[in-house]
Amino acid sequence: LKKRDEIIDEILGPAARKAKEAVKFIINSSLFARQDRVAAPRPPPNQNGTY
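Every letter in the sequence shown is one number past the one before it in our numbering, and letter 50, counting from 1, is 50.
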């Protein structure tokens, strides 16, 4: 029997790998963002509400 990841890769192909990479990227970037927030507070938003 094949591993579940191999079956997923066969069915979805590159899309599954891109999704996995995206999830890792989001997790890593959110961790970095948390560290940045602790290190330096985010500047206040502009008056029109955009950052």
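All C-beta atoms, glycine included, are put in the ideal place defined by N, C-alpha and C.
Nothing here was measured: the structure is a model prediction, and the numbers come from that model.
>> Can you give me the C-alpha to C-alpha distance between D75 and K18, rounded to a whole angstrom?
In response: Nothing in the structure corresponds to residue 75, since the chain is present only between 1 and 51.
>> Just to confirm, is the Cβ distance from A16 to D9 under 7 Å?
In response: yes
>> If you reduce the DSSP assignment to three classes, tell me which class L31 lands in.
In response: helix
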